[in-house]
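Peer 1: For reference, the structure I am asking about is given below.
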Amino acid sequence: MKPKIMDKQHCCRTIFYCLLLLWCATSTAFTEDKNAEQASIRYAQGFTIDYHDGYKLVTILSPWKDAKTTYQYLLVQRGAAVPAGYESLPRIEIPAQSVITMSTTHLAYLSQLDLLDTLVGYNSFAHVNAPEVLKRIAEGKIREVGGGSNVNIERIMELAPELIMTYSLGSPDDEYFKLREAHLNVVLNAEYLESTPLGRAEWIKFVAAFFNKEQQAQQIFEAIAADYAALVAKTKTLAFRPTVFLNTPYQGAWWMPGGKSYMAMLLQDAGASYLWTDIDSQGSLMLDMEAVYARAAEAEFWLHPGQWERLDDGRAQDERLTQFRAFQEGNVYNNNARVNAQGGNDYWESGLTRPDIILADLIKIFHPHLLPEHELAYYKKLE
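Taken in order, the sequence shown gives residues -29 to -1, 1 to 354; the numbers are from mature numbering (1 follows the signal peptide of the UniProt record, and there is no 0).
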């Protein structure tokens, strides 16, 4: 009988070890699944994501222009232990289940990631263009919370979002600092500082990190980057590059982007010759009418003339603007083709997250023969 007892004990011991191994494997797989979706950053210069067991460390390298500090956020998976040594960092439990955003580009990232159902508040409804967001606003699922010095802290506390995403210009009046003082889970998104189109679009991965959606973000971004590269290949060897300048005077000043700016990069990739490309700056120059006319009087194209809907708007603003060759030949284009009744311009919403489509528009403007089937999406020719 004793051998049978030993066989039984051995069997029980074997079953115990098998269950232990199964539990360990399941636990390991669970942890690995949490960290499986890792984003690799190729173009964006403003943030990093470090992945660890059960948490992520997100760093904003340049929160606003000329900032002297960095910001870090600790993203802890639900159910995971809070790691030691990070007690001083703002901590956010992920995936976030409710969010408030303060920028139209953030809305576009959420839309791309199928996360609009998590959106419970937004800065100002007057700036919104996306039909699906407007529908949720009409249904009462999204509340207006204001921004800057007018941010409604009480309303935000009522909504109790797990995450608030905003940006900052470094001013003490920015809502970021007010929200931090109120001990709310607010993070900075500095995509607007990126000087390259793909760098700005890649911030979808930053947004995705708060929802464990990096894999989806990676797929979306790689498709955009591939389309963008294919378009650049069409213009890379062009012998003819038409000249172009930007914007209009505002209160006596004509702000012209520098040669290292986001817009200058787009124009170069679109096969145009931007007349201020020699200015080694990512910012904008403040010029007067005479200085712009001296350089751009014979430019072939004119883009982004303020709020103009037609050429007569330019004539009404200042008769001298009609003296530019681009105006006289009707080669004036504005990025307001997709503006809704309340003034929400989709160029500043989905457009900045889809540089491939903006680039296609610009190539169509400058070199229509390269994209004969493309129809302008964000731009329109002013008549």
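Ideal Cβ placement from N, Cα and C applies to all residues, glycine included.
Below 8 Å, how does it come out for the stretch 169 to 185 and the stretch 208 to 216: are there three or more Cβ pairs, yes or no?
Peer 2: Judged by Cβ distances under 8 Å, the stretch 169 to 185 makes no contact with the stretch 208 to 216, as fewer than three pairs qualify.
Peer 1: Between which two residues does the alpha helix (DSSP H) holding residue 148 run?
Peer 2: 146 to 152
Peer 1: Residue -9: buried (16+ other C-beta within 10 angstroms of its C-beta) or exposed?
Peer 2: With a pLDDT of 41 at residue -9, under the threshold of 50, the modelled position of that residue is not reliable, and the figure given next carries that caveat. Exposed, because fewer than 16 other Cβ atoms sit within 10 Å of the Cβ of residue -9.
Peer 1: Contact defined as beta carbons within less than 8 Å: I believe residue 90 pairs with residue 72. What is the distance between those atoms, to the nearest angstrom?
Peer 2: 7 Å
Peer 1: Of the choices 152, 49 and 293, whose alpha-carbon is the least far from that of residue 219?
Peer 2: 293
Peer 1: Can you tell which of 53, 247, 109 and 65 has the C-alpha that lies nearest to the C-alpha of residue 364?
Peer 2: With the chain covering only -29 through 354, there is no way to say anything about residue 364.
Peer 1: Going straight from the alpha carbon of residue 341 to that of residue 245, what length do you get?
Peer 2: 19 Å
Peer 1: In chain order, what residues of the same chain have a beta carbon less than 6 Å from the beta carbon of residue 117, not counting five sequence neighbours either side?
Peer 2: Here the set comprises 123.
Peer 1: Quick one, which of 126, 53, 27 and 255 has its alpha-carbon nearest residue 94's?
Peer 2: Ranking 126, 53, 27 and 255 by Cα distance to residue 94 puts 126 first.
Peer 1: Starting from residue 335, trace the beta strand (DSSP E) both ways and give me its first and last residue.
Peer 2: Where residue 335 is concerned, there is no enclosing beta strand (DSSP E), although the alpha helix (DSSP H) it sits in stretches over 326 to 337.
Peer 1: Roughly how many angstroms separate the alpha carbons of residue 369 and residue 241, rounded to a whole number?
Peer 2: The displayed coordinates of the chain run from -29 to 354. Any statement about residue 369 would go beyond what the structure contains.
Peer 1: Buried or exposed: which applies to residue 251, given that a residue is buried once 16 or more other Cβ atoms fall within 10 Å of its Cβ?
Peer 2: exposed
Peer 1: Under 8 Å between the Cβ atoms of residue 135 and residue 155?
Peer 2: Yes; because the gap between Cβ atoms is below 8 Å, this pair is in contact.
Peer 1: So which of 204, 34 and 321 has the shortest CA-CA distance to residue 239?
Peer 2: For residue 239, the nearest C-alpha among the options comes from 204.
Peer 1: Can you tell me the Cα-Cα spacing of residue 168 and residue 160, whole angstroms?
Peer 2: 16 Å
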